Amino acid sequence: MKIKKIPWLVIGLIGSISVLFFIFWLVIAFNGQTQKLQSESRKNDSLAADYNRKTSQLSPNQILDVLKKENVNVTSSLNDVTSRINKAIDLTYNKTKDEKDYKKLSKTLPKLVGKSFSYNLIQLDKPVVNQSGKKSFPFGPTTDVVVTFGKYNYHTIEIPVYVAVNYQTSAVGSKSKIKGQDLYTLQYELKSRDLGFIDHERGNANAQK
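Counting in this note's numbering, the final residue of the sequence shown is number 216, and the numbers go up one at a time with none missing.
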């Protein structure tokens with residue numbers, strides 16, 4: 008009986024040894040790649056730590072030196088972009104009353120607030136056709152416009168811009184007025200004066216008689 012069991016034991020041992028050799032081969036094959044990834048990870052961690060150390064040691068005077076070197080007047084730049092945004096909102100919401108006014112937006116808005124923000128304002132203000140076949144515009148007279156700024160990044164000379172617009176417009180096929188609210192998120196590059204569009208959110212409309 009023992010002689011009959013030996014072949015099965017041998018086969019089992021051979022199978023176990025084969026599995027061990029396969030695992031050993033996998034370890035050798037991937038060991039080099041793993042070490043490379045670990046090396047890259049340590050390198051990135053070191054660079055990040057060095058960057059954080061350097062930036063955390065900058066004093067307010069050093070930050071001002073950076074701004075002077077870049078020849079950027081933050082206060083003047085923010086006042087300028089606020090004025091241009093307000094003009095663009097006024098033209099889009101308050102001054103666009105017919106298709107002739109709407110077509111003018113494609114020429115006037117890019118000069119004020121750049122291509123990306125202009126494109127989105129124009130797309131959002133596309134005329135719609137009501138039940139009577141008459142075209143109307145989704146935007147109406149503004150009741151409040153607020154331009155605020157996020158945290159200034161002196162490394163990239165950029166700052167987030169948030170534009171909240173409250174307005175009234177007529178409901179389609181009705182004399183009722185609708186309160187609307189739009190929130191635009193932008194990114195302003197102070198040195199190039201480039202204003203980039205990031206996002207738009209529309210608040211819930213409330214109908215009023």
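Yeah, the Cβ is synthetic: ideal placement off N, Cα and C, and Gly gets one too.
Treat the numbers as computed from the prediction; the structure is a model and nothing was measured.
- For Ser143, the beta-bridge partners assigned by DSSP are Val135.
- DSSP places Ile129 within a helical segment (H, G or I) once states are collapsed to three.
- Between Thr192 and Tyr169, the CB-CB gap stays under 8 Å.
- Taking 8 Å as the upper bound for CB-CB distance, Pro148 and Tyr109 are not in contact here, some 16 Å apart.
- Straight-line spacing of the CA atoms in Ile185 and Thr176 works out to 5 Å.
- A straight-line Cα-Cα distance of about 28 Å links Asn101 and Thr82.
- Beta-bridge analysis with DSSP links Asn173 to Asp151, Gln188.
- Counting along the chain, the unbroken beta strand (DSSP E) around Arg209 starts and ends at 201 to 209.
- Taking a 10 Å sphere around the C-beta of Arg209, we find fewer than 16 other C-beta atoms and assign the residue as exposed.
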